[in-house]
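**Student:** Numbers 95 to 811, taken from this note's numbering, label the letters of the sequence shown in order.
Quick reminder that beta carbons are idealized off the backbone N, C-alpha and C, glycines included.
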Amino acid sequence: MPAETMGQRWDVLEALKNSPKGKITFDPHWSDRGEHIMAGCKEDISLSSHSAMILARLSSSPLQKSFCMGSSSGDSSPGLSEETPASVSSIGSVPDINAKHNTLSATLSLKKAVSDVAKDEDPEADVSEVSSPALPHAISLLSPKDMETAGGIIKAKEECREKAKVALRKRQEMQEKQLAAVASAESEQLKRFEEFMELKQRQECQVIMDMMDRETKESIGRQEKLKEEQRHRMKILNLRLREAEQQRLREAELERQRQAEGRERLRNLNTIQEEILQLNQLLEPSTQSNSSLPPASLSSYSTRGNQLCSQVSEVVRKTAEGEFPSMEDMTVAERALHEMRALIRVIQEEVAKVQEKKKRDQEEEEGRRKQAELQAQQEAQKKAEQSAKEKAQRKGLQNSAEDSTLKWFKELRDSAAQCTQSFEQLNSPKDTQTKKLKLELQKAATIPVSQIASNSGSQLQEIFDKIDKLLSGRPVVSGGRSVSTSQHPQGLDFVCYKLAEKFVKQGEEEVASHHEAAFPIAVVASGVWELHPRVGDLILAHLHKKCPYAVPHYPPMKEGTPVEEYQRILGYRVDDSGVEGQDSFLKRMSGMIRLYAAMIQLRWPYGSKQGSVPHGLNHGWRWLAQMLNMEPLADITATLLFDFLEVCGNALMKQYQSQFWKLILLLKEEYFPRIEAVTSSGQMGSVIRLKQFLETSLQSRQISPPKGQLTSTFWRS
95 MPAETMGQRW DVLEALKNSP KGKITFDPHW SDRGEHIMAG CKEDISLSSH SAMILARLSS
155 SPLQKSFCMG SSSGDSSPGL SEETPASVSS IGSVPDINAK HNTLSATLSL KKAVSDVAKD
215 EDPEADVSEV SSPALPHAIS LLSPKDMETA GGIIKAKEEC REKAKVALRK RQEMQEKQLA
275 AVASAESEQL KRFEEFMELK QRQECQVIMD MMDRETKESI GRQEKLKEEQ RHRMKILNLR
335 LREAEQQRLR EAELERQRQA EGRERLRNLN TIQEEILQLN QLLEPSTQSN SSLPPASLSS
395 YSTRGNQLCS QVSEVVRKTA EGEFPSMEDM TVAERALHEM RALIRVIQEE VAKVQEKKKR
455 DQEEEEGRRK QAELQAQQEA QKKAEQSAKE KAQRKGLQNS AEDSTLKWFK ELRDSAAQCT
515 QSFEQLNSPK DTQTKKLKLE LQKAATIPVS QIASNSGSQL QEIFDKIDKL LSGRPVVSGG
575 RSVSTSQHPQ GLDFVCYKLA EKFVKQGEEE VASHHEAAFP IAVVASGVWE LHPRVGDLIL
635 AHLHKKCPYA VPHYPPMKEG TPVEEYQRIL GYRVDDSGVE GQDSFLKRMS GMIRLYAAMI
695 QLRWPYGSKQ GSVPHGLNHG WRWLAQMLNM EPLADITATL LFDFLEVCGN ALMKQYQSQF
755 WKLILLLKEE YFPRIEAVTS SGQMGSVIRL KQFLETSLQS RQISPPKGQL TSTFWRS
């Protein structure tokens, strides 16, 4: 095809592109709305859809050849054959006839091509439809060049249509894929929905099951509640039945009690009548013949007694019909009995007054006689005391204790030695078990004594009970373990010895430092002494060993005795560093004498009050008297006398009264100058304290109670 022709075709295509139809927009959603793809295009003039193919066949064979082939075949349309003469007749020149001839040939060739294309596409189609009446009009308007252009346009449109079909097909495929995806998603959603529905069904079933279970439980609960209510009603019914039965029993018991009380009142009434009749006999004048009362009084008392007997007889007469006496009747009878007793009491008081008057007269006479005898005895005693004083002044005082005192001292010492020998095997154990038992027994005996304090009476009672249990052979807890004296044959002797030793040691140490501690220690020791006398003897033995002045006894120095040994006998502590100082010695002696003075005046408040005190104030009087009968020693005598009198002086004063003051006066006037005579100027402290004590006591005729003494309030704490 010439280049000019191709250029014209492209110009035509460009013109068509820039034309209003070439600017038609394509709507991709025409299918969704159910419209035609070219619905927005206005078709004024259009070519057949087969123009492109016809144009392609026309371009492959020249129009002349087609025309000749069409003429020779004689296959022409009647319309064309009829029109040709008219056209020829109207045109006068030959070139016009040739042109028309060419046009007619092209028209015939186009018609044949259209028929062929129509047959190729649709064999059943009628060829006559292709050769529509408009075709001669279209062919008659277009030249071959225009036909070629039109065919190119149609071909371009076909290509566009093919592209649209491809795009449509792709779009359909995409929509099918989207539809498949949507269908798949809807299927999955349907599955999820079905699963959700199944879940809902299961949940509803579960809710129904839970509801049924809840209803079942509620039903069971209601049944249980009904059962509980039934049981409660039964219980209430049973309680009412029991209450009714108890009420009946109470009524029966009350009736029995009423009967018993009635019988008891009847017996009491009979007893009252019997007693009042017996008392009335005492009011008879015949029974009061020796009472020394005036007859008028006896007659009035007898009359009133008969009236009271009549009142009681009237009450008894009411009970003769089988009824029991009432409380009012018993009140009347008891009032009559009280009045009868009052009458007897008045008579007895009058008789007692008369007898008391007689007795008082006799006692006055006896007192006058005894006063005369006492005056005679006092004169004799004064003469004896005067002679004793003169004898003492002539001969001087003793240097040692009396023989009976020394004998008692030796017996206690021998008893302690025998006790030591009795537990020698336990005291020197060979096996570990015995050694352990010894330590436990020693702790059980000594620890409670160390715990004695003046805190409360209940604490002292607990300590005393623990010591008493140990000495009685019962087990006690010590150091978290149970121990008893019965665990060893020598256990009791060992415990008694160690306990006594600990008491004396407390006086030597605790009382020496705190004087008020003497009383709680002494009262526990006195209680143990009362229940277990052997412990008391061992306490005295240990006390005499450590403080021989408690006997009192001044041990003489025997020939061949070393000085250190003699100092030990006197009570001094002697060790590798030498003999202890005088102040320490006096302090220890003072503590032990104070403990001894507290023990002889105290008694365990919870013990037996029937027996005598095991070591009472009489021993204190003996000690004081013997001290005054012995020559005084420098420093020690004044110290011990002051400590003893400060602790025990008030108790001795109350016990011996005037005799005690005579002894104190003797101590002040006759014995104290001897103490001053043997005391050096550097040892006057204890002497001055004793002198002040004696002067104050004699001046006020009173000795104050010692500090720390246990009162009744202490034992209630």
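Using a 10 Å radius around the Cβ and a threshold of 16 neighbouring Cβ atoms, would you call T243 buried or exposed?
**Tutor:** In the sequence shown, the residue the question calls residue 243 occupies position 149. Per the 10 Å Cβ criterion, buried.
**Student:** Cβ of E417 within 7 angstroms of any heavy atom in the ligand SAM?
**Tutor:** With respect to the ligand SAM, the structure offers nothing, as it holds no ligand at all.
**Student:** My assumption, with CB atoms under 8 angstroms, is that M747 sits in contact with I797. Please give the rounded CB distance.
**Tutor:** Sequence index remark: in the sequence shown, residue 747 carries index 653 (1-based). Sequence index remark: in the sequence shown, residue 797 carries index 703 (1-based). About 5 angstroms; that satisfies the 8 angstroms criterion.
**Student:** Would you kindly work out how many angstroms separate the C-alpha atoms of K489 and V617, rounded to a whole number?
**Tutor:** Translated into positions along the sequence shown, residue 489 becomes position 395. Translated into positions along the sequence shown, residue 617 becomes position 523. Note on K489: pLDDT 44, under 50, position unreliable in the model; the coordinate value appears next. Whole-angstrom Cα-Cα distance: 41 angstroms.
**Student:** Report the option in G672, R667, E763 and L727 whose CA atom is closest to the CA atom of A679.
**Tutor:** Numbered from its first residue, the sequence shown carries residue 679 at position 585. Residue 679 is actually Phe in this sequence, not Ala. Residue R667 is the option with its Cα nearest to F679.
**Student:** Could you compute how far the alpha carbon of N400 sits from the alpha carbon of V410?
**Tutor:** Position 306 of the sequence shown holds residue 400. Position 316 of the sequence shown holds residue 410. Looking at the two C-alpha atoms, the distance is approximately 15 angstroms.
**Student:** What separation, rounded to the nearest whole angstrom, lies between the Cα atoms of S607 and S576?
**Tutor:** Numbered from its first residue, the sequence shown carries residue 607 at position 513. Numbered from its first residue, the sequence shown carries residue 576 at position 482. Rounded to the nearest angstrom, the two C-alpha atoms are 33 angstroms apart.
**Student:** Go through its chain and collect everything with a Cβ distance to I561's Cβ below 8 angstroms, but skip five positions before and after it.
**Tutor:** Translated into positions along the sequence shown, residue 561 becomes position 467. These residues qualify, in order along the chain: A539, P542, V543, L593, V618 and V622.
**Student:** Can you tell me whether K489 is helix, strand or coil according to DSSP?
**Tutor:** What you label residue 489 is simply residue 395 of the sequence shown in a count that begins at 1. Caution is warranted here: a pLDDT of 44 is assigned to K489, below 50, making its placement in the model unreliable, and no coordinate value can be reported.
**Student:** What separation, rounded to the nearest whole angstrom, lies between the Cα atoms of L792 and Q695?
**Tutor:** For the purposes of this step, residue 792 is identified with residue 698 of the sequence shown, where counting begins at 1. For the purposes of this step, residue 695 is identified with residue 601 of the sequence shown, where counting begins at 1. Distance between the alpha carbons of L792 and Q695 is about 22 angstroms.
**Student:** Would you please state the rounded distance, in angstroms, between the beta carbons of I546 and I615? I believe it to be under 8 angstroms.
**Tutor:** To locate residue 546, count along the sequence shown from 1; it is residue 452. To locate residue 615, count along the sequence shown from 1; it is residue 521. Correct: roughly 5 angstroms between the Cβ atoms.
**Student:** In the DSSP assignment, find the alpha helix (DSSP H) that holds H577 and state where it starts and stops.
**Tutor:** For this step, residue 577 is matched to residue 483 along the sequence shown. The question names His, yet the displayed sequence has Val at residue 577. Careful: V577 lies outside any alpha helix (DSSP H), inside the beta strand (DSSP E) at R575 to V577.
**Student:** Name the DSSP bridge partner or partners of D669?
**Tutor:** For the purposes of this step, residue 669 is identified with residue 575 of the sequence shown, where counting begins at 1. Per DSSP, G672.
**Student:** For V571, does the three-state DSSP call read helix, strand or coil?
**Tutor:** For the purposes of this step, residue 571 is taken as the residue at position 477 of the sequence shown. The answer is strand: DSSP assigns V571 an E or B state.
**Student:** Can you list, in chain order, the stretches of the alpha helix (DSSP H) that have 4 or more residues and sit fully within the region 388–455?
**Tutor:** The qualifying runs are 389–412.
**Student:** What whole-angstrom Cβ distance do L506 and L664 have, given they're in contact under 8 angstroms?
**Tutor:** Along the sequence shown, read from residue 1 onward, the residue named residue 506 stands at position 412. Along the sequence shown, read from residue 1 onward, the residue named residue 664 stands at position 570. Not a contact, Cβ separation roughly 18 angstroms.
**Student:** I think K640 touches E610, with their Cβ atoms under 8 angstroms apart; what is that distance to the nearest whole Å?
**Tutor:** For the purposes of this step, residue 640 is identified with residue 546 of the sequence shown, where counting begins at 1. For the purposes of this step, residue 610 is identified with residue 516 of the sequence shown, where counting begins at 1. Not quite, the Cβ-Cβ distance comes to about 21 angstroms (not below 8 angstroms), so this is no contact.
**Student:** Ordered along the chain, which non-local residues of its own chain (more than five positions away) have a Cβ less than 6 angstroms from that of K529?
**Tutor:** Here the question's residue 529 lines up with position 435 in the sequence shown. P523, listed in sequence order.
**Student:** Runs of 4 residues minimum, wholly inside the region 601–633: which ones carry the alpha helix (DSSP H) assignment?
**Tutor:** Here the runs fully enclosed are 612–625.
**Student:** Considering only the beta carbon of each residue, do R435 and L373 sit closer than 8 angstroms?
**Tutor:** Here residue 435 corresponds to residue number 341 of the sequence shown, with the count starting at 1. Here residue 373 corresponds to residue number 279 of the sequence shown, with the count starting at 1. Cβ atoms of R435 and L373: closer than 8 angstroms.
**Student:** Quick one: Cα of K652 to Cα of S498, how far?
**Tutor:** In the sequence shown, residue 652 corresponds to position 558, counting from 1. In the sequence shown, residue 498 corresponds to position 404, counting from 1. Near 21 angstroms, if we compare the C-alpha coordinates of S498 and K652.
**Student:** Mind checking whether P708 and E595 have CB atoms under 8 angstroms apart?
**Tutor:** Translated into positions along the sequence shown, residue 708 becomes position 614. Translated into positions along the sequence shown, residue 595 becomes position 501. Result no, Cβ atoms of P708 and E595 do not sit closer than 8 angstroms.
**Student:** Quick test of your reading: Y643 and I769, contact by CB under 8 angstroms. State the CB separation rounded to the nearest angstrom.
**Tutor:** Working through the sequence shown from its first residue, we reach residue 643 at position 549. Working through the sequence shown from its first residue, we reach residue 769 at position 675. No, Y643 and I769 are not in contact; Cβ-Cβ is about 14 angstroms, not under 8 angstroms.
**Student:** Based on Cα-Cα distance, which residue from L784, L284 and N332 lies nearest to F736?
**Tutor:** Mapped onto the sequence shown, residue 736 falls at position 642. F736 has its Cα closest to that of L784, out of L784, L284 and N332.
**Student:** Quick one: give me the first and last residue of the alpha helix (DSSP H) that I248 is part of.
**Tutor:** For the purposes of this step, residue 248 is identified with residue 154 of the sequence shown, where counting begins at 1. Note, I248: alpha helix (DSSP H), P238 to L376.
**Student:** CA-CA distance, A109 and A250?
**Tutor:** Residue 109 sits at position 15 when you count from the first residue of the sequence shown. Residue 250 sits at position 156 when you count from the first residue of the sequence shown. Taking the straight line from one Cα to the other gives about 13 angstroms.
**Student:** Three or more C-beta pairs closer than 8 angstroms, one from the region 800–810 and one from the region 746–765: is that the case here?
**Tutor:** Judged by Cβ distances under 8 angstroms, the region 800–810 makes no contact with the region 746–765, as fewer than three pairs qualify.
**Student:** Can you find the residues in the same chain that come closer than 7 angstroms, C-beta to C-beta, to E433, ignoring five residues on each side of it along the sequence?
**Tutor:** Locating residue 433 in the sequence shown gives position 339, counting from the first residue. Here the set comprises L402.
**Student:** Who are the near neighbours of P646 in its chain, counting only those whose CB is closer than 7 angstroms to its CB and skipping five residues on each side?
**Tutor:** Position 552 of the sequence shown, counting from 1, holds the residue named residue 646. Taken in chain order, the residues that qualify are A495, W717, Q720, M721 and M724.
**Student:** Can you give me the C-alpha to C-alpha distance between V570 and S780, rounded to a whole angstrom?
**Tutor:** Here residue 570 corresponds to residue number 476 of the sequence shown, with the count starting at 1. Here residue 780 corresponds to residue number 686 of the sequence shown, with the count starting at 1. About 45 angstroms.
**Student:** Work out the CA separation of M328 and L293 for me, nearest whole Å.
**Tutor:** Locating residue 293 in the sequence shown gives position 199, where the first residue counts as 1. Locating residue 328 in the sequence shown gives position 234, where the first residue counts as 1. Going from the Cα of L293 to the Cα of M328 covers about 50 angstroms.
**Student:** Quick one: residues in its chain with C-beta nearer than 7 angstroms to the C-beta of Q405, no 5 flanking neighbours on either side, listed in chain order?
**Tutor:** For the purposes of this step, residue 405 is identified with residue 311 of the sequence shown, where counting begins at 1. The answer, listed in chain order, is V426 and A430.
**Student:** List the residues that DSSP assigns as beta-bridge partners of M778.
**Tutor:** The residue given as residue 778 occupies position 684 in the sequence shown. According to DSSP, M778 bridges with nothing at all.
**Student:** Leaving out the 5 sequence neighbours to the left and right, which residues in its chain are closer than 6 angstroms to H636 when beta-carbon positions are compared?
**Tutor:** Your numbering for residue 636 matches position 542 in the sequence shown. Once the five neighbours on either side are set aside, the close Cβ partners of H636 are A594, E595 and V598.
**Student:** In its own chain, which residues sit with a C-beta less than 7 angstroms from the C-beta of Q519, not counting the 5 before and 5 after it?
**Tutor:** If you number the sequence shown from 1, residue 519 lands on position 425. For Q519, where only same-chain residues beyond five positions count, the Cβ hits under 7 angstroms are Q584.
**Student:** In chain order, what residues of the same chain lie with their CB nearer than 6 angstroms to the CB of M424, ignoring the 5 residues before and after it?
**Tutor:** Position 330 of the sequence shown, counted from the first residue, corresponds to residue 424. Here the set comprises R359.
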